[in-house]
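Numbering (our numbering), first residue to last: 267 to 396.
Below you can see the structure in the form of structure tokens.
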């Protein structure tokens with residue numbers, strides 16, 4: 267049985283609605299699911315904001331979570347197996363939700379990647395045992 271693991275990670279995306287909006291939020295990691303808490307904001311003035319939205323994502327709806335670092339940016343990729351989850355997040359496409367992460371949160375992002383992929387494997391094993 268896994269130890270309790272609660273981490274939060276701020277993120278943003280600029281690909282919502284074909285670049286006309288940005289998404290700012292926090293990724294919450296719990297034992298049984300990820301929760302994306304976010305607001306959508308227009309890209310031009312930044313004055314128009316949506317209400318805060320909560321999108322729970324079960325580990326069983328995830329194929330894999332990857333932390334990707336390049337020279338100039340770093341991001342988390344959530345590869346989904348559920349179109350219904352993907353349709354609730356602006357900017358999600360091709361089965362992926364991409365969350366831009368600031369480099370100062372590198373250690374937290376790596377911890378989250380390890381933990382989430384371990385939980386995905388554990389939950390799939392539990393399903394096979396049933």
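Cβ coordinates follow ideal geometry from the N, Cα and C atoms, glycine included.
| Item | Value |
| --- | --- |
| Three-state secondary structure (DSSP) of residue 291 | strand |
| Cβ-based burial, residue 311 [other Cβ within 10 Å; buried from 16] | exposed |
| As assigned by DSSP and simplified to three states, the class of residue 330 | strand |
| Beta carbon of residue 308 nearer than 8 Å to that of residue 325 | no |
| Rounded straight-line distance, which links the Cα of residue 353 to that of residue 321 | 11 Å |
| For residue 274 and residue 303, the rounded distance between their alpha carbons | 10 Å |
| Residue 369 classed as buried or exposed, judged by whether at least 16 other C-beta atoms fall within 10 angstroms | exposed |
| Residue from 394, 392 and 385 whose Cα sits closest to the Cα of residue 323 | 385 |
| Residues near residue 358 by beta carbon distance below 7 Å, same chain, minus five either side | 352 |
| Contiguous beta strand (DSSP E) assignments of at least 3 residues, all confined to the segment 341-379 | 362-367 |
| Beta-carbon proximity list for residue 339, same chain, < 7 Å, skipping 5 on both sides | 366 |
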